[in-house]
Amino acid sequence: MSADLSELYQQVILDHNKRPRNRGKLPTANRVAHGDNPTCGDQCNVYLRLDGDRIAEISFDGSGCAISQASASLMTTQVKGRTGPEVESLYRQFHHIVTSGETPDEISDLAAFAGVHTFPARIKCATLGWHATLNALKGDAADATTEKHTD
Amino acid sequence: MSADLSELYQQVILDHNKRPRNRGKLPTANRVAHGDNPTCGDQCNVYLRLDGDRIAEISFDGSGCAISQASASLMTTQVKGRTGPEVESLYRQFHHIVTSGETPDEISDLAAFAGVHTFPARIKCATLGWHATLNALKGDAADATTEKHTD
Amino acid sequence: MNPALHSALVAGPAADRWKNVRADFPILHQDVHGKPLVYLDNAATAHKPRAVIDALVRFYERDNSNVHRGLHALSMRATDAYEGARARVARFINAADPSEIIFTRGTTESVNLVARSVAATLRPGDVILCTEMEHHSNLVPWQQAARASGATLEFVPVLGTDAEGGLDLAALDALLTPHVKVFAFTHISNTLGCINPVAELCRRARAVGALSVIDAAQSIGHGPLDVRALGADYVAFSGHKMCGPTGIGVLYGRRALLDKLAPDETGGGMVVTVDYAGAKWKPAPERFEAGTPNVADAVALGAACDYLDALGRPEIARHDEALAALAYEKLSALPGIRLLGPRAGGARRGLVSFAFADVHAHDIVTFADEDGVALRGGHHCNQPLMRKLGLTSTTRASFYVYNTEQEIDVLVASLRRILKFFGSA
Amino acid sequence: MNPALHSALVAGPAADRWKNVRADFPILHQDVHGKPLVYLDNAATAHKPRAVIDALVRFYERDNSNVHRGLHALSMRATDAYEGARARVARFINAADPSEIIFTRGTTESVNLVARSVAATLRPGDVILCTEMEHHSNLVPWQQAARASGATLEFVPVLGTDAEGGLDLAALDALLTPHVKVFAFTHISNTLGCINPVAELCRRARAVGALSVIDAAQSIGHGPLDVRALGADYVAFSGHKMCGPTGIGVLYGRRALLDKLAPDETGGGMVVTVDYAGAKWKPAPERFEAGTPNVADAVALGAACDYLDALGRPEIARHDEALAALAYEKLSALPGIRLLGPRAGGARRGLVSFAFADVHAHDIVTFADEDGVALRGGHHCNQPLMRKLGLTSTTRASFYVYNTEQEIDVLVASLRRILKFFGSA
Ligand SMILES: Cc1ncc(COP(=O)(O)O)c(C=O)c1O
Ligand SMILES: Cc1ncc(COP(=O)(O)O)c(C=O)c1O
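Chains as they are written, first to last, in this note's numbering: chain A, 213 to 363; chain B, 213 to 363; chain C, 739 to 1163; chain D, 739 to 1163.
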């Protein structure tokens, strides 16, 4: 296995893919959003319970590759308890990681996705769940599709 | 001037081009047809007075290159006094001359157009007036265009 | 391996010509991630033999010019080359006349052309019949035609949990009513690999007075295709899937139909006379080819026809069927694999598509690429069928004249490594 | 010759690069009927430099693959090459974003795309404004749009018995009412050679809330073109007239407009989700590019942009204006000649078109061809304008980067011989 590939499929990612966190529907959700990656058919639903401006609970389901599933899973663990602006800022850092491969210290597990940057076609997989969450936060009824974003 | 070119622009053709026979409208016409060569904009109107099944009088006008004008002019001199079937048979011989370059003995002046066969793009010029006449004989209201024929 | 398959591949008088095929394709001789390229994405696009690339270069270096409206030497040569390509394609599919060949950008544009032009003749109450296995390009244009005309769109179902039963021909009796005005179907499915009984489908369409439209994108380069023997009304295909260049394709239409069909795009070259108020159209094929055509790529498509006919199209069909059967057989042995389309021994050509419960197609494609193996993963522009089968994506291996049995072994070995990595085997 | 023209051609820092231009074009180095080829049919199509032909060969020999939906190495390279070409074209015309570049087959398809999509938004009472000098490809699609929508088609008149006055800008005040929803006009006329004041026309369209659509077929390869400086809404052009291959062209559209525009062709690649009942569209540019795109020719179009920018587009404009002016001057001396378009000193670029009372354009083209000179004779897809000027055809000599002053002398000498043969001189 090449260095690039083992960098892409890090242990953290394989683990989240095998044992996704916060997977399933959230009965108490007050926000839902759907994300599509039309080039490959990957789908991701995100369910939020917003408490004031904070994400009190979050879950996801859908189907997709290891990268998209692990990213959605990890994302749920990172955004829980945060406000919309905080999530946006986190996404910006995540986006920087997957596009540049640079991993600033402060960001813990998200750095596992740095390997994505050598596989540009997979960036959309890594960001799918994030887009759905951002849309859910905005209360945007429109579906998120990775085609509409410039990642 | 190349042999092909002087073969194309024979004296007969230049003469008919300079001094077209039967040119102009025919006040007594009882059949009229219009011909178009859409690739180049050449146009030819043919006016017939049919007497029974014979062409009693014929004239043409329009605009086009030396080949099309000379051919229309010469055509009028050849079809006058003939019946529809006779004109059709004459056209078949003419078509053979301009596409093959072969000149059977019986056909007098039409053989001047044998040089056309080395300029396939000009075949449509040479046949424009003929198509109009054939259409006029058929009483076909539709315009003749050289595109609809397989010359 | 199955000895019957093996002899189908290497025996017979055609054996020799197959030995040197790979040398004809410059692109194959490269390494990807340090491994020899094993290109198994032929259903997406095929590679081009030297002869086709040379035809392009020769055209641009010797004969390039605009066509139709020119009388100078280059223009006449370019026109002859372009119309020669039209005649060559007509011969390739046994059309009655070159004027039945309309050059388009590809299958998608061909279907759009016929769907839009035919839509103008449809009314509420009319039915357009498709099948559940159509590529988006032979589906969405008909949805648009139905919307524009008020006609209804119906579908011939696909049978079996893995679509292994192909089209439900028994359902045709009920579906093919006299209300059906168009019956549009694919010859070979780009997702299932099944070969549909197109001659029968054309015959049954004709029996109720419906137009038949064949999507031949996956079949045109993979075997003989005789539009008159099939009795087809319209046939759409792409050059790039048959060793030709990108940007050129064909709509075949029966002459009697084309003469009555309204034009789609308008502009220079397709008009007899124009004034400020309106225009009159030329007959087919010019009526359907507005603007400067894609001359060079049409000429190169003619060269692709020559290349495939020289190889032998019945032999190509046998080769592509043998490879697909072999791949199906070898892939069946992988743990947890779900294979779509005809079972072993069924009418399959050129491709195999499959899925695993635990490993996603994208991960497979990325891993296989590291082994030099080019696969396609996704919905293959077949979302509704995927959904019906309870899938969002499959991995597809698709074969062509230059693929070998050994490459199937490389594929299978690569898949085994991937399954192991993801803990599925 | 006019010394001022001469210095415009050969002076300045750009002088050197022009010396070797002819060597870049393989096709030029051939004899026609035993005479060196003098290709003066560039308004119909331009020839391709070695760099463009090489880009095609390189793509097919190294990177060929289908785009967008692939994750393997070749597919990613092909996608990068295709999207790179889109970004390159965006830079070539100073578009704000690559997504404003839609690849089409050529100008004709580009105009059809915008005319059909915009027609869906028009109603009776609306006006589409064209000019009397439009090519059929920027006229007939608007006739169709008017017919489909019930809108009215009106025309900006052309001034002068030889159209030497260009567009009647004074008439614009009365014509450009708030009812005008679209104003479609050519940048450079392919028959007259005049350069229209497109920035002003865009500005005036905008002032009444009309969309501006520029036909840039004759200008794109012949000088700078900055869509943002012009303030254009839509711009259509063809690759084959700017050193690119046949089969590829562009529709530029302002992003804000494209996002609201309905798709034209439908099928694979332009949809987000599809089920049997319907589909949802991707945003631009994909929304307007159904099916496998013409990848290789798009990539080669990018190479053509590189080539022209390296030559220098202001320098190309000066060169093509100088040759046209010189040709106009020398042709004026021929007995009985009638020259169309701007008089000497007027805003003319790239071509001269002319007629004689006694010698028909076809005969001229056939004779000139014997001297190796490639000209175009006919109505130049401009029948209504021809009719207005009392002509059925003209002869056109059109110039490009590789043409020389000496070639104009060959042209004039050939014309003199022809006139003599027909007894006109
Ligand atoms: C002014 C003008 N508009 C439109 C066109 C049509 O371009 P194309 O034939 O490449 O579609 C041409 C050239 O033929 C032209 O000169
Ligand atoms: C069955 C089928 N139909 C239609 C198409 C569309 O062809 P193209 O993209 O060349 O227009 C394809 C290939 O993509 C196909 O496989």
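We treat Cβ as the ideally placed atom computed from N, Cα and C, and that holds for glycine.
(message) Are the CB atoms of C1119 of chain D and E1045 of chain D within a distance shorter than 7 Å?
(response) Taking the fourth sequence and counting its residues from 1, one reaches residue 1045 of chain D at position 307. Taking the fourth sequence and counting its residues from 1, one reaches residue 1119 of chain D at position 381. It is worth fixing the name first, because residue 1045 of chain D is Tyr in this sequence and not Glu. The answer is no: Cβ separation not under 7 Å.
(message) Looking at chain C, is there any beta carbon in it that lies within less than 7 Å of the beta carbon of A278 of chain A?
(response) The residue you call residue 278 of chain A lines up with position 66 of the first sequence. True, the Cβ-Cβ gap to chain C drops below 7 Å.
(request) Kindly list, in the order they appear in chain A, the residues whose Cβ is closer than 8 Å to that of M1124 of chain C. (result) As a first step, residue 1124 of chain C is located in the third sequence; it is residue number 386 there, counting from the start. Result: G253.
(message) Does the stretch 898 to 918 of chain C come into contact with the stretch 1049 to 1064 of chain C, if we say contact requires no fewer than three beta-carbon pairs (one atom in each stretch) closer than 8 Å?
(response) no
(message) With three or more C-beta pairs closer than 8 Å as the rule, is the stretch 812 to 832 of chain D touching the stretch 964 to 977 of chain D?
(response) Touching, yes.
(message) Check whether chain C comes within 7 Å of G844 of chain D, counting only Cβ atoms and requiring the distance to be less than that.
(response) One-based indexing of the fourth sequence puts residue 844 of chain D at position 106. It does: the Cβ of G844 of chain D has a partner Cβ on chain C nearer than 7 Å.
(message) Would the stretch 1085 to 1105 of chain C count as touching the stretch 1125 to 1141 of chain C if we require 3 or more Cβ pairs under 8 Å?
(response) Pairwise C-beta distances place the stretch 1085 to 1105 of chain C in contact with the stretch 1125 to 1141 of chain C, as three or more of them are shorter than 8 Å.
(message) Do G1079 of chain C and C932 of chain C have their beta-carbon atoms positioned less than 7 Å apart in this structure?
(response) For the purposes of this step, residue 932 of chain C is identified with residue 194 of the third sequence, where counting begins at 1. For the purposes of this step, residue 1079 of chain C is identified with residue 341 of the third sequence, where counting begins at 1. Result yes, Cβ atoms of C932 of chain C and G1079 of chain C sit closer than 7 Å.
(message) Nearer than 6 Å: is that true of the beta carbon of D953 of chain D relative to any heavy atom of ligand 4?
(response) With respect to ligand 4, the structure shown offers nothing to examine, as its ligands consist of ligand 1 and ligand 2.
(request) Could you tell me whether the stretch 1018 to 1026 of chain D touches the stretch 868 to 875 of chain D, using the rule of 3 or more Cβ pairs below 8 Å? (result) Contact between the stretch 1018 to 1026 of chain D and the stretch 868 to 875 of chain D is absent: fewer than three C-beta pairs spanning the two stretches fall below 8 Å.
(message) Which runs of the beta strand (DSSP E) at least 3 residues long sit entirely within the stretch 1077 to 1134 of chain C? Give them in chain order.
(response) 1089 to 1094, 1114 to 1116
(request) State the Cα-Cα distance for the pair M213 of chain A and I958 of chain D, rounded to the nearest angstrom. (result) Stepping through the first sequence from its first residue, residue 213 of chain A is reached at position 1. Stepping through the fourth sequence from its first residue, residue 958 of chain D is reached at position 220. For M213 of chain A and I958 of chain D, the distance between alpha carbons rounds to 49 Å.
(message) Please state the DSSP three-state secondary structure of D363 of chain B.
(response) Start at 1 with the first residue of the second sequence, and residue 363 of chain B comes out as number 151. Note on D363 of chain B: pLDDT 46, under 50, position unreliable in the model; no value is reported.
(request) Determine whether the Cβ of S218 of chain B lies closer than 7 Å to any Cβ atom of chain D. (result) As a first step, residue 218 of chain B is located in the second sequence; it is residue number 6 there, counting from the start. Output row for S218 of chain B: interface = no.
(message) Can you pull the chain A neighbours of T1132 of chain D, defined as C-beta to C-beta under 9 Å?
(response) Within the fourth sequence, residue 1132 of chain D is the residue found at index 394, counting from 1. Listed along chain A, no residue sits closer than 9 Å to T1132 of chain D by beta-carbon distance, the nearest being about 48 Å off.
(request) Grab me the residues of A823 of chain D's own chain with a C-beta within less than 7 Å of its C-beta, minus the 5 sequence neighbours each way, in chain order. (result) For this step, residue 823 of chain D is matched to residue 85 along the fourth sequence. If we look at A823 of chain D and ignore the five residues flanking it on each side, its Cβ neighbours are A1036, V1037, L1039, G1040.
(request) Could you give the DSSP three-state label for P741 of chain C: helix, strand or coil? (result) Numbered from its first residue, the third sequence carries residue 741 of chain C at position 3. Here P741 of chain C scores only 40 on pLDDT, less than 50, and its place in the model should not be relied on; the value that follows carries that caveat. DSSP places P741 of chain C in helix when its eight states are reduced to three.
(message) To the nearest angstrom, how far is the alpha carbon of N242 of chain A from that of I1054 of chain C?
(response) Translated into the one-based positions of the first sequence, residue 242 of chain A becomes position 30. Translated into the one-based positions of the third sequence, residue 1054 of chain C becomes position 316. Their backbone Cα atoms lie some 58 Å apart in a straight line.
(message) Quick check on the DSSP output: what are the complete beta strand (DSSP E) runs of length 3 or more inside the stretch 872 to 903 of chain C, in order along the chain?
(response) 890 to 894
(request) Pair every Cβ in the stretch 804 to 818 of chain C with every Cβ in the stretch 971 to 991 of chain C, then say whether three or more of these pairs are closer than 8 Å. (result) no
(request) Return yes when the Cβ of V1139 of chain C is within less than 7 Å of the Cβ of V770 of chain C, no when it is not. (result) By 1-based counting over the third sequence, the position of residue 770 of chain C is 32. By 1-based counting over the third sequence, the position of residue 1139 of chain C is 401. Cβ distance not < 7 Å, so V770 of chain C and V1139 of chain C don't count as in contact.
(request) Alpha carbon to alpha carbon, how far is L346 of chain B from A353 of chain B? Give it in angstroms, no decimals. (result) As a working note, residue 353 of chain B is residue 141 in the second sequence. As a working note, residue 346 of chain B is residue 134 in the second sequence. Here A353 of chain B scores only 48 on pLDDT, less than 50, and its place in the model is too uncertain to base an answer on.
(message) Residues in the same chain with beta-carbon distance under 6 Å from C337 of chain B, minus the five sequence neighbours each way, listed in chain order, please.
(response) Along the second sequence, read from residue 1 onward, the residue named residue 337 of chain B stands at position 125. The residues are C277, I279, S280.
(message) My output table needs one value for A746 of chain C: the three-state DSSP class, helix, strand or coil.
(response) Translated into positions along the third sequence, residue 746 of chain C becomes position 8. Residue confidence is low: A746 of chain C scores 49 on pLDDT, short of 50, so the model does not pin down where it sits. Its coordinate-derived value is still stated next. Of the three classes helix, strand and coil, the one that applies to A746 of chain C here is helix, per DSSP.
(message) Which residues in chain D have a C-beta closer than 7 Å to the C-beta of A333 of chain A? List them in chain order.
(response) Counting from 1 along the first sequence, the entry for residue 333 of chain A is found at position 121. Going along chain D in sequence order, the residues near A333 of chain A (Cβ under 7 Å) are L809, M814.
(request) Can you grab the Cα-Cα spacing for the pair A911 of chain D / F893 of chain D, in whole Å? (result) On the fourth sequence, position 173 is the one that residue 911 of chain D refers to. On the fourth sequence, position 155 is the one that residue 893 of chain D refers to. Note on identity: in this sequence residue 911 of chain D is Asp, with Ala being the wrong assignment. About 13 Å.
(request) Would you tell me roughly how many angstroms separate the C-alpha atoms of F325 of chain A and P764 of chain C, rounded to the nearest one? (result) In the first sequence, residue 325 of chain A corresponds to position 113, counting from 1. In the third sequence, residue 764 of chain C corresponds to position 26, counting from 1. Looking at the two C-alpha atoms, the distance is approximately 37 Å.
(message) Report the start-end ranges of each beta strand (DSSP E) in the stretch 903 to 975 of chain D that is 3 residues or longer and not cut off at the edges.
(response) 918 to 924, 949 to 953
(message) For the structure I just gave you, are there three or more beta carbon pairs, one from the stretch 769 to 783 of chain D and one from the stretch 808 to 825 of chain C, closer than 8 Å?
(response) They touch, by the three-pair rule.
(request) Compare the C-beta of V1010 of chain C with all C-beta atoms of chain B and state if any pair is closer than 7 Å. (result) Along the third sequence, one-based indexing puts residue 1010 of chain C at 272. Yes, contact with chain B.
(request) Check the C-beta distance from C256 of chain A over to L340 of chain A and give it rounded, since I have them as a contact under 8 Å. (result) Locating residue 256 of chain A in the first sequence gives position 44, where the first residue counts as 1. Locating residue 340 of chain A in the first sequence gives position 128, where the first residue counts as 1. Yes, they are in contact, since the Cβ atoms of C256 of chain A and L340 of chain A sit about 5 Å apart, within 8 Å.
(request) Could you work out which residues of chain A lie near F1094 of chain C, taking near to mean beta carbons separated by less than 8 Å? (result) Locating residue 1094 of chain C in the third sequence gives position 356, counting from the first residue. Result: empty, since nearest Cβ-Cβ is about 12 Å, beyond 8 Å.
(request) Run down chain C in chain order and give the residues with a C-beta less than 9 Å from the C-beta of S214 of chain A. (result) Mapped onto the first sequence, residue 214 of chain A falls at position 2. Using a Cβ-Cβ cut-off of 9 Å, S214 of chain A is close to H771, G772, E1108 of chain C, given in chain order.
(request) For P250 of chain B, return the contacting residues in chain C, with the cut-off set at a CB-CB distance below 8 Å. (result) Translated into the one-based positions of the second sequence, residue 250 of chain B becomes position 38. Those within 8 Å of P250 of chain B in chain C are V1009, V1010, T1011, K1020.
(message) Between N1141 of chain C and chain D, is any beta-carbon pair separated by less than 7 Å?
(response) Locating residue 1141 of chain C in the third sequence gives position 403, where the first residue counts as 1. So no, N1141 of chain C is outside the interface.
(message) Just to confirm my understanding: we take D1147 of chain D, look at its own chain, exclude 5 residues before and 5 after, and list those with CB closer than 7 Å. What are they?
(response) For the purposes of this step, residue 1147 of chain D is taken as residue 409 along the fourth sequence, with counting starting at 1. Cβ within range, chain order: n/a, list empty.
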